[in-house]
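Taken in order, the sequence shown gives residues 1 to 543; the numbers are from full-length UniProt numbering.
Ideal placement from N, C-alpha and C gives every residue a C-beta, glycine not left out.
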Amino acid sequence: MDTATQQPHIADYLRPLWSHKWLILLAVALATGGVYAYYAHKPKVYRTGTLVYVKDPGDPVNGTPSLQSTDRAVSNQASLLYSRATAASVAEKINFNGTPGQLLRRIQITSKVGQDFVNVVATGPTPAEAALIANAYAKEFVDYINNSQSDRVKRALELTRTQLRDLPRGPINAATRSNLQAQIQRLEIATDVPPTITRQVDPALPPQTPSEPQPRRNALFAFALSLILAVAAAFGLERFDRRLKRPDEVEGIYHAPLLATLPHTDKPVPFKAGEAALGPEFQEAFRVLRTNVELARLDAPPRTIVITSAVPGEGKSTVVRNLALAFRETGKRVAVIEGDLRHPTLAALFGDHAGPGLTDVLRHDAELADVAVQIGTAMPGMDELVRLDLEHHDARPNGNGNGHGAHTGTITLVRSGPRPANPPAVLGSERVAEVLDFVREHHDIVLIDSAPLLAVTDTVPLLRYADAAIVVCRLGVTSRDTARRLTEFLERVPGVDLLGVVANDLSNFEAAGYGYGSGYGYGYGYGEDKRSRRKAKQLAETV
């Protein structure tokens, strides 16, 4: 294997994001929108602050600085603002509508190391109330500190006067008396001057905008966080996702070659005037499939091919239709048999209605010529061929019994007919082998649209009667476990010649790496669930 193919490609990292893009977008949109809506409807909160200058008062008697550090002194004094007594005093002065505890929760006191400033920050439901609380707290703090300093000076003055009064008179105490008198003079001067060791420097002003909530900021944070989590979840889901996603996974798990890769589309492909309106991408994809089928067994080309899948909804019926069209354009006489007797969709995809079919022939209620329907042809002059009389060689377009003329390909449809009570028993009868031999004798290739293998056992008899089989899987739907079970099932059926696998519904992202860069694909027509059958029926009614 080429070592270059073993190296991780950027697409390997982008694949989980593309596969789960809607999950990521939904998660991010819900988280971002929800957070924005939540915070946009929260009550507004305004924040403002004021600066208070705090000076170390020192010793009021000697005028020396205090022994504790300035930072510690400022921090200790700032802590007074958190006292309940301070909150009660402020609440009373501003007529606060709440408890002192509630008022305390509206302030924040901070002091920086190496600075003599205390920052008082307050919040409120209005700009005016926030400024009122901040200024009231600052004033309360300033008044408390200055009044405390004034009281200390007065107490020191009284103490010094008492010491001077109690000092014995005499020459031995003259120096002490002189010092006490000097201290008294300093303290008397200090009591006459209002203390200014603490003052409000920058009064709080009403803020212009609310500080909370901030829906844009929070929504941006939610966007980033949800995007990270959603991307992580996408990679986690991809890690545990058991579905087949890439064509290069198909061959290894089915133990069979990849015959073709069919791209995805969101639009149905109508069938009118005997043609399916396939785009050039689809035409080329089915030509590749046709060529690979023709080259698969050069020594003994298969003429009767069962096209099946593991479970419903993988697209086998539409593959049968378009592969038949691809064979017809090479001039081949193609017979398509609706072998899914339980949920037939092939006739509707060809624009035909339900009617007599295979089950009628198997029960000997009708002849094959009576139930075979000629599908419109691309060549002029062929529209009048409504049925192909399989019993007479002259009814074939080229008029002989062995060959076919160039560019005169035809498609003969054999509908399923009424649903039998026991489809496996009907398809397992010897009559089926006789019918298939007869159809093979008068056509170049026979394509059988069978029931899903893992859903019912109807297809097993058809596998024994056919020359080869083709399996259709749907990328992004078929799981690895389902593919393994199908492979093991086919290995247990004797005589099955598996030509290969058709990987259907290649996503637009994967298509860019597999030659389908235009973004076309084949998602609608390849699903045979109830919705697909209903749309196919509606489409058939319009033809």
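Rounded to whole angstroms, what is the Cα-Cα separation between residue i and residue j?
i	j	result
leucine 427	threonine 459	8 Å
valine 118	valine 28	42 Å
leucine 167	leucine 159	12 Å
serine 450	leucine 30	44 Å
tyrosine 514	aspartate 365	Bear in mind that a pLDDT of 49 at tyrosine 514, under 50, signals an unreliable position, so the number given afterwards is only what the model happens to contain. The straight-line gap from Cα to Cα measures roughly 49 Å.
glutamate 92	glutamate 140	11 Å
glutamine 102	arginine 84	10 Å
alanine 466	histidine 264	29 Å
glutamate 491	lysine 316	20 Å
proline 424	isoleucine 448	15 Å
alanine 122	glutamine 183	42 Å
arginine 186	leucine 180	10 Å
alanine 285	aspartate 248	16 Å
serine 111	serine 75	7 Å
histidine 443	aspartate 481	37 Å
leucine 237	glycine 355	46 Å
asparagine 218	isoleucine 228	15 Å
leucine 295	valine 250	20 Å
glycine 252	glutamate 212	59 Å
glutamate 488	serine 479	14 Å
alanine 134	leucine 164	45 Å
leucine 225	valine 231	10 Å
For residue i versus residue j, is the C-beta distance shorter than 8 Å?
i	j	result
arginine 415	leucine 358	yes
threonine 209	asparagine 146	no
glycine 49	alanine 204	yes
valine 306	leucine 454	no
threonine 318	alanine 372	no
lysine 55	aspartate 143	no
arginine 321	leucine 346	yes
tyrosine 46	proline 215	no
alanine 483	leucine 244	yes
alanine 310	proline 452	yes
leucine 17	isoleucine 10	no
proline 125	lysine 21	no
leucine 368	phenylalanine 282	no
Does the Cβ of residue i have 16 or more other Cβ atoms within 10 Å, making it buried, or fewer, making it exposed?
i	result
glycine 339	buried
glycine 417	buried
alanine 40	exposed
arginine 15	buried
arginine 333	buried
glutamine 374	buried
isoleucine 337	buried
glycine 409	buried
valine 201	exposed
arginine 155	exposed
tyrosine 82	exposed
arginine 239	exposed
glycine 351	buried
glutamate 430	exposed
Check the C-beta distance from residue i over to residue j and give it rounded, since I have them as a contact under 8 Å.
i	j	result
valine 471	threonine 304	No, valine 471 and threonine 304 are not in contact; Cβ-Cβ is about 16 Å, not under 8 Å.
threonine 261	alanine 503	5 Å
valine 153	alanine 138	With 8 Å as the limit, valine 153 and alanine 138 do not qualify as a contact, their Cβ atoms being about 23 Å apart.
leucine 259	valine 501	6 Å
leucine 498	alanine 256	5 Å
Could you name each continuous alpha helix (DSSP H) segment of 4 residues or more that falls completely within the stretch 252 to 322, going from the start of the chain to the end?
280 to 296
In chain order, which continuous runs of the beta strand (DSSP E) of length 3 or greater are located wholly inside the stretch 68 to 151?
107 to 111, 117 to 124
Segments of 4+ residues assigned as alpha helix (DSSP H) that fall wholly inside the stretch 419 to 448
423 to 427, 430 to 441
Beta strand (DSSP E) runs wholly inside the stretch 156 to 236, at least 3 long, in chain order:
198 to 202
If you scan the stretch 323 to 352 from start to end, which runs of the beta strand (DSSP E) of 3 or more residues do you find wholly inside it?
333 to 338
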